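Read the structure below first, then the notes.
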Amino acid sequence: MDSYKTPLGEIKITVIGHASLLVEWNGKYIYSDPYSEAGDFSGREKADLILITHNHYDHYDESAWSKIVTDKTLFVVSQDVGKVSDRYVVLKNGESYNYEGLMIHAVHAYNVNRRNDAGELFHPRGVGNGYVLDFGGFRLYIAGDTEPIPEMRHVTNIDIAFLPKNLPYTMTDEEFVQVANTIRPKYLYPIHYFELDVAKLIGMLDTGITMIVNNK
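Under the UniProt record's numbering, think of the first position of the sequence shown as 1, with each following residue one higher.
Rendered as structure tokens:
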């Protein structure tokens, strides 16, 4: 668990595994893409807010979030997910939601080149989300499943970025570093990876970016 001070209070970040994250903020527990194979959610704190980036099984996993959900949990989801409970908000790319002072911005996340055996993009444009969480000017970027895309030039002033790195679905080492060096977060967390050459990635990052791995 890593702690950071923001204008809206301290946040504590845990990378549970795969793309699953937990952000603790002012007594609230915010999960992103809870996934059963990333960890055991049965003993986790109950969720106040759950973000879902898209409807693939390793991001939209009812068996995971059913263990942390209550009748007060709010879901913020992409348009391909739709209604998951009586308390949910669908955000399209470019839309925002104010959650008790925390601004949640949905941003683009998609493939440009990577396709399945049928020739279809794994993640088409305009379907899934990345999210920028703005804690009064302290900004987290959860990229979702994406390649380097032009819209990332609008993802600015990022303090912490969570970027995916795996093939064939998201980014190569070089693309991962390209995105990091473009948006220039202060802290960079690799997620959604199968293997990680930490020394190689750190060696390619611009100065001023600190990469953090194995955060539990």
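Heads up, the beta-carbon is just placed ideally off N, CA and C, and yes, glycines get one too.
Every value quoted in this text rests on a predicted model; they were computed, and no experiment measured them.
List the whole-angstrom C-beta distance separating residue i from residue j, where the pair is believed to meet the contact cut-off of C-beta under 8 Å.
i, j, result
"residue 217", "residue 108", "Nothing in the structure corresponds to residue 217, since the chain is present only between 1 and 216."
"residue 209", "residue 141", "About 13 Å; that fails the 8 Å criterion."
With which residues is residue i paired in a DSSP beta bridge?
i, result
"residue 20", "17"
"residue 210", "187"
"residue 139", "134"
"residue 254", "Outside the modelled stretch of the chain, which goes from 1 to 216, sits residue 254, for which no answer is possible."
"residue 52", "77"
"residue 106", "131"
"residue 121", "115"
What is the DSSP secondary structure of residue i, reduced to helix, strand or coil?
i, result
"residue 204", "helix"
"residue 112", "coil"
"residue 89", "strand"
"residue 197", "coil"
"residue 173", "helix"
Between which two residues does the beta strand (DSSP E) holding residue i run?
i, result
"residue 134", "129–135"
"residue 161", "160–164"
"residue 96", "96–99"
"residue 40", "Looking at the DSSP string, residue 40 is not in any beta strand (DSSP E), and its letter there is neither H nor E."
"residue 60", "Here residue 60 belongs to no beta strand (DSSP E), and DSSP marks it neither H nor E."
"residue 29", "28–32"
"residue 145", "Careful: residue 145 lies outside any beta strand (DSSP E) and carries neither H nor E."
"residue 2", "2–4"
Apart from the five residues on each side of it in sequence, which residues of its chain come closer than 7 Å, Cβ to Cβ, to residue i?
i, result
"residue 17", "38 and 39"
In its own chain, which residues sit with a C-beta less than 8 Å from the C-beta of residue i, not counting the 5 before and 5 after it?
i, result
"residue 8", "25, 26, 101, 102, 135, 136 and 138"
"residue 212", "2, 187, 188 and 189"
"residue 147", "110, 111, 112, 113, 114, 170, 171 and 175"
"residue 36", "61, 63 and 64"
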